[in-house]
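Q: Below are the structure tokens for one structure; questions will follow.
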Amino acid sequence: MNKKRFVQTFLTIIAVLFLFGCAAKEPVGLPSFSAKQFDASMYRSKVDNFVIILDASSSMEDDCMGNPKLMVAKAIVERMNMTLPELGQIAGLRSFGHADSISKNETELLYGMEEYNSAALAEKLGAISKAGGYSPFGSAMLAMGTDLESLSGKTAVIIVSDGMDMKADAAQATSVKEQYGDAICYYPIQVGNDEEGTAFLSQIASIGGCASLINASELMDPEAMAAFVEKVFLERGIAAPAAAAP
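In structure tokens, the structure reads:
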């Protein structure tokens, strides 16, 4: 083989490998999940309200555990929703980022704020079918703060995100924490393991002052998810009956 033909063949091989390397990969799928069922008669909610903040920005198209990050993030919310009993909590699901086909707004309150219904939340979660856009985490946090203004009591904020491209948004998380003080807690769950995301979401956990950062990979198991749900949302005991009318 002459030198010219060798170079052409070599370049062709490189091009083919590049194309295969950049081709969309089929998701490998996630571990099966059978949610632990809590006996609602044995527990009461330790929070009055909760809001799930879901990252649907373009970086959530990237790979995590052989699957798109958005697929993993939605699975975390789905599995949490399957595990958490309905105990009269007020709930909300707010997303940020988005493909234009989903929403042209920086952030959307897709569900709530209303009495928690797992089927209704699951239906609204299904609307987030594609990632896109930048990462306006700060806008989502400020909007979430507004969502809570007509409510009272303790609030858990579950943040499911890769934490990427958000360095400037910690100030908004601080502002909402200062507004609500000890009545609000942040529980960030990182999708993926990018160092930038770990640093940012660890900072958010520190601002919240209630919990450390946890990775989505640690919550795929039903027992692990049940332990997380119990820690964040539940306490043993029977809710006090409503006072009888005079």
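Following the working numbering, the numbering of the sequence shown begins with 176 at its first residue and continues without gaps.
Glycine included, C-beta positions come from ideal geometry on N, C-alpha and C.
All of these numbers come straight from a predicted model, not from anything done at the bench.
1. Distance, Cα to Cα, residue 289 vs residue 237?
2. Mapping DSSP to helix, strand and coil, what is residue 403?
3. Just the C-alpha distance for residue 312 and residue 375, rounded to the nearest angstrom, thanks.
4. Are at least three pairs of beta-carbons, each pair with one atom in the stretch 371–390 and one in the stretch 341–359, less than 8 Å apart?
5. Evaluate residue 203 with the Cβ neighbour count: other Cβ atoms within 10 Å of its Cβ, from every protein chain shown; 16 or more gives buried, anything less gives exposed.
6. Specify whether the stretch 296–311 and the stretch 265–273 touch according to this definition: at least 3 beta carbon pairs, one from each stretch, less than 8 Å apart.
7. Tell me the start and end of each unbroken beta strand (DSSP E) in the stretch 202–231 that is at least 3 residues and wholly inside, in chain order.
8. Is it the case that the Cβ atoms of residue 245 and residue 315 are separated by a distance below 9 Å?
9. Taking only three categories from DSSP, how would you classify residue 366?
10. Would residue 400 pass as a contact of residue 409 if the rule is Cβ separation under 9 Å?
11. For residue 150 versus residue 231, is the C-beta distance shorter than 9 Å?
12. Can you tell me whether residue 256 is helix, strand or coil according to DSSP?
13. Alpha carbon to alpha carbon, what distance is there between residue 201 and residue 286?
14. Measuring only between beta-carbons, confirm whether residue 302 sits less than 9 Å from chain D.
15. How would you call residue 344, buried or exposed, if buried means at least 16 neighbouring beta carbons within 10 angstroms?
16. For residue 235, which of 304, 384, 403 has the nearest alpha-carbon?
A: From the atom records:
1. Using only the alpha carbons, I get a separation of about 32 Å.
2. The three-state secondary structure of residue 403, taken from DSSP, is helix.
3. Near 11 Å, if we compare the C-alpha coordinates of residue 375 and residue 312.
4. Touching, yes, given that three or more Cβ pairs across the two stretches are closer than 8 Å.
5. When all chains shown are included, residue 203 counts as exposed.
6. Touching, yes.
7. Entirely contained in the stretch 202–231, the beta strand (DSSP E) runs reaching 3 residues are, in chain order, 218–220, 224–231.
8. The answer is no: Cβ separation not under 9 Å.
9. Residue state, collapsed to three classes: coil.
10. Contact flag unset, no.
11. Since the first and last residues shown for the chain are 176 and 421, residue 150 lies out of range.
12. Secondary structure at residue 256: helix, using DSSP grouped into helix, strand and coil.
13. Answer to the nearest angstrom: the Cα atoms are 30 Å apart.
14. You won't find chain D in this structure, because it holds only one protein chain.
15. That one is buried.
16. Residue 235 has its Cα closest to that of 304, out of 304, 384, 403.
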